[in-house]
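Report on the structure given below.
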Amino acid sequence: MIKLAPSILSADFANLGNDIKRIDQAGCDWIHVDIMDGMFVPNISFGMPVTKAARAYTKKYFDVHLMIQEPIRYVKEFKAVGADMLTVHVEACEDVQATIDAIHAEGMDAGLACNPETPVEDIVPFIDKVEMILIMTVHPGFGGQSYIDECTEKIEIVNAIVNEYNLKTLIEVDGGIKVDNVCIPLDAGANVIVAGSAVFGGNVEENVKNFKEQFQNF
Ligand code: DX5
Ligand code: ZN
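What follows is the structure, given as structure tokens:
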């Protein structure tokens with residue numbers, strides 16, 4: 249089952265509750281929550297209070313993507329505001345395994361992300377240690393960028409390992425994904441699709457429906 253996880257980074261922050269209800273009712277699977285610290289990425293989005301406020305508008309699974317330096321510092325805080333999964337960047341953690349363990353200790357699922365320029369070898373040792381691998385398909389920091397084709401091969405490599413060892417690890421992709429190119433990561437083996445501008449730009453209900461139609465071929 250392929251999942252659609254709209255990124256609320258592209259929502260109208262002044263009407264966030266309403267936008268979350270809309271994607272929920274339109275049939276999205278997860279809610280993707282992008283947290284940026286202005287250090288790990290050159291942008292600041294929002295933090296715990298906004299995540300907590302957003303949580304009140306849906307019961308759907310909260311997929312929290314931490315683009316922050318040393319995320320281990322905030323694991324408890326994000327649990328407290330309702331995260332179901334915390335995804336951290338391999339580049340941002342001094343001790344990746346300790347960070348994964350801290351997330352699991354709080355009863356959350358753990359995800360591990362890698363930037364476009366990060367070799368896939370850096371995440372391979374952790375594929376069987378986390379519930380999800382996130383392959384970034386843009387340089388993180390901003391919505392509305394273009395999909396970087398070179399990242400597709402990393403999805404294929406992770407997918408091959410998941411299949412070879414019969415793992416349950418999900419493969420998420422994030423950045424530049426639209427209805428008309430989503431088949432590229434899906435072909436490569438991705439099964440959680442993040443989309444920000446392609447969900448919130450235009451008619452949300454139609455956009456979700458169009459993504460779901462593409463998913464039926466996989
Ligand atoms: C990028 C974020 C993404 C972003 C995706 O740093 O992690 O989740 O919101 O936006 P689109 O789908 O517009 O590329
Ligand atoms: Zn994201």
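Take 249 as the starting number for the sequence shown in the working numbering and just add one per residue. C-beta: ideal position from N, C-alpha, C; glycine also. Every value quoted in this text rests on a predicted model; they were computed, and no experiment measured them.
| query | Where does M380 sit, in a helix, a strand or coil, going by DSSP? | reply | strand
| query | Looking at C-alpha atoms only, which residue of G444, R303 and I351 is the closest neighbour of M333? | reply | I351
| task | Would you identify the three-state DSSP class for D332, choosing helix, strand or coil? | result | D332: coil per DSSP, three-state reduction.
| query | Which residue's Cα is closest to the Cα of S255: Y322, V421, E325 and M380? | reply | That would be V421, whose Cα lies nearest to the Cα of S255.
| message | Please determine whether the Cβ atom of P388 lies at a distance below 8 Å from any heavy atom of the ligand ZN. | response | yes
| Less than 8 Å between the CB of Q393 and some heavy atom of the ligand DX5, yes or no? | Correct: Q393 has its Cβ closer than 8 Å to the ligand DX5.
| Where the beta carbon is closer than 5 Å to any heavy atom of the ligand ZN, which residues qualify, in chain order? | Chain order is used for the residues whose beta-carbon lies nearer than 5 Å to a heavy atom of the ligand ZN, namely D282, H313 and D422.
| Does DSSP classify A304 as helix, strand or coil? | Coil.
| Straight-line Cα distance separating V336 from F261 | If you draw a straight line from the Cα of F261 to the Cα of V336, it is about 23 Å long.
| Going by other Cβ atoms of all chains shown within 10 Å of its Cβ, with 16 needed for buried, is P297 buried or exposed? | exposed
| said: Just to confirm my understanding: we take E376, look at its own chain, exclude 5 residues before and 5 after, and list those with CB closer than 6 Å. What are they? | reply: First, the residue type needs correcting, since residue 376 is Asp and not Glu in the sequence shown. Cβ neighbours of D376 beyond the five flanking positions: L415.
| query | If L264 sits next to D282, beta carbons under 8 Å apart, how far is it from one beta carbon to the other, in whole angstroms? | reply | L264 to D282, Cβ: 13 Å. No contact.
| field | Short Cβ contact (9 Å threshold) for P468 with V323 | value | Because residue 468 is not part of the residues shown, which for the chain are 249 to 466, the question remains open.
| message | Excluding the 5 residues flanking V386 on each side, which residues of the same chain have their C-beta closer than 8 Å to its C-beta? | response | P364, Q393, S394, Y395, I396, D422, G423 and G424
| With a CB to CB cut of under 7 Å and the five nearest residues on each side skipped, what residues in its chain are close to F466? | I250 and L434
| When every heavy atom of the ligand DX5 is checked, does at least one fall within less than 8 Å of the C-beta of M197? | Absent from the model: residue 197. The displayed extent of the chain is 249 to 466, so no value can be given.
| field | Span separating the alpha-carbon of I432 from that of T400 | value | Near 7 Å, if we compare the C-alpha coordinates of T400 and I432.
| Excluding sequence positions up to five away, which residues of its chain have a Cβ less than 7 Å from the Cβ of E354? | V323, K324 and K327
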